[in-house]
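Heads up, the sequence shown is in the numbering used here, so the first residue is 76 and it goes up one at a time.
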Amino acid sequence: SETFSRLAAFLWVSCVGRGGLPFPETPKTSVCLQTGRVDKNIPLVTGHTAPVLDIDWCPHNDNVIASASEDTTVMVWQIPDYIPMRNLTEPVVTLEGHSKRVGILTWHPTARNILLSAGGDNVIILWNVGTGEALLTLDDLHTDLIYNVCWNHNGSLFVTTCKDKHLRIIDPRQHLVVAEKFKPHEGARPVRAIFMADGKVFTTGFSKMSERQLALWDLPVLTRPRRPGPSGRASLALCSMICSCQARYGCEQI
């Protein structure tokens with residue numbers, strides 16, 4: 076599945092300007108052995124009205140992929156096991172809630188049907204893909220463009236980096252920034268961050284002299300919480316959904 080995702084992403088870049096995703100013409104277990112032009116007649120997953128900016132394969136179902144676009148929508152697609160003869164034009168669900176382009180997608184690692192999107196409106200939305208509804212909207216935690224988002228191993232937290240130079244660790248169920256760091260790297264260029272399996276945060280960035288930097292952070296050394304946010308029905312619904320999925324599928328409890 077990982078190889079298939081990389082191959083699909085490689086092919087997707089070739090037609091990003093057309094607002095579509097191409098089907099690889101090779102089995103899921105194959106490896107790309109050559110590069111070149113993509114056949115103009117390759118079948119596409121096409122439904123967006125503007126360029127596709129991000130895709131993410133569902134970790135719980137190899138036939139499901141989500142796509143984000145400049146048209147402000149997120150679409151979820153069911154990909155058949157066979158190579159289709161024509162374009163797929165009807166998504167399983169279209170998620171609408173952002174006011175600007177959507178550039179980041181990431182599925183929840185343990186709870187099924189939970190998808191996170193982040194847009195140019197500085198808003199993060201957690202979706203219930205099964206119903207097409209927004210479970211939670213985080214619209215007051217970032218003051219500028221969000222560069223990247225990454226869940227921790229069990230989905231209890233996620234880390235974000237932002238153009239406002241803050242790295243944030245967010246608990247979505249509490250609508251709370253539980254830790255943050257201003258300028259994890261001193262350079263002006265974008266910072267990227269991921270959670271490691273042991274709970275540490277790994278970042279890449281640049282120094283003031285534009286030298287590449289890598290850093291590993293322990294959560295205790297980061298600044299502690301700012302303030303709790305509203306814990307309304309959306310937060311409770313998200314908490315219930317994550318916990319029920321973990322209990323059902325034997326995942327580690329949060």
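Here a beta-carbon is modelled for each residue, glycine too, at the ideal position from N, C-alpha and C.
Q. Would you report the Cα separation of Phe257 and Val120, rounded to the nearest angstrom?
A. Mapped onto the sequence shown, residue 257 falls at position 182. Mapped onto the sequence shown, residue 120 falls at position 45. Distance between the alpha carbons of Phe257 and Val120: 40 Å.
query = According to the neighbour-count rule (16 or more other Cβ atoms, all chains shown, within 10 Å of its Cβ), is Gly178 buried or exposed?
reply = Along the sequence shown, read from residue 1 onward, the residue named residue 178 stands at position 103. By the neighbour-count rule (16 or more Cβ atoms within 10 Å), Gly178 is buried.
- Output the distance between the C-alpha atoms of Lys283 and Gly262, rounded to the nearest integer angstrom. The residue given as residue 283 occupies position 208 in the sequence shown. The residue given as residue 262 occupies position 187 in the sequence shown. If I take the Cα positions, the gap works out to 4 Å.
message: Please return the same chain residues whose Cβ sits closer than 7 Å to the Cβ of Gly274, not counting the five positions on each side in sequence.
response: The residue labelled residue 274 in the question sits at position 199 within the sequence shown. Answer for Gly274: Asn227, Leu294, listed in chain order.
Could you have a look at Phe85 and say whether DSSP puts it in helix, strand or coil? As a first step, residue 85 is located in the sequence shown; it is residue number 10 there, counting from the start. Here the model assigns Phe85 a pLDDT of 39, short of 50, so the residue's position is not dependable, and the following value carries that caveat. Phe85: helix per DSSP, three-state reduction.
>> If you follow the beta strand (DSSP E) that Gly194 is in, where does it begin and where does it stop?
In response: Start at 1 with the first residue of the sequence shown, and residue 194 comes out as number 119. Segment 189 to 194, the beta strand (DSSP E) holding Gly194.
Considering only C-alpha positions, which residue in the set Thr124, Ile158, Leu128 is nearest to Gly194? In the sequence shown, the residue the question calls residue 194 occupies position 119. Answer by Cα proximity: Leu128.
Check whether the region 238 to 250 touches the region 168 to 175, counting contact only when three or more Cβ pairs, one atom from each stretch, lie closer than 8 Å. The region 238 to 250 is not in contact with the region 168 to 175.
Give a yes or no on whether the C-beta atoms belonging to Val151 and Ala143 are separated by under 8 Å.
For this step, residue 151 is matched to residue 76 along the sequence shown. For this step, residue 143 is matched to residue 68 along the sequence shown. Their beta carbons are not under 8 Å apart, which means Val151 does not touch Ala143 by this criterion.
> Quick one: what's got a C-beta closer than 8 Å to Asn138's C-beta in the same chain, skipping five residues either side?
Replying inline: Indexing the sequence shown from 1 puts residue 138 at position 63. The answer, listed in chain order, is Gln153, Ile154, Pro155, Asp156.
So what's Leu220 in DSSP terms, helix, strand or just coil?
If you number the sequence shown from 1, residue 220 lands on position 145. In the three-state reduction of the DSSP assignment, Leu220 falls in the coil class.
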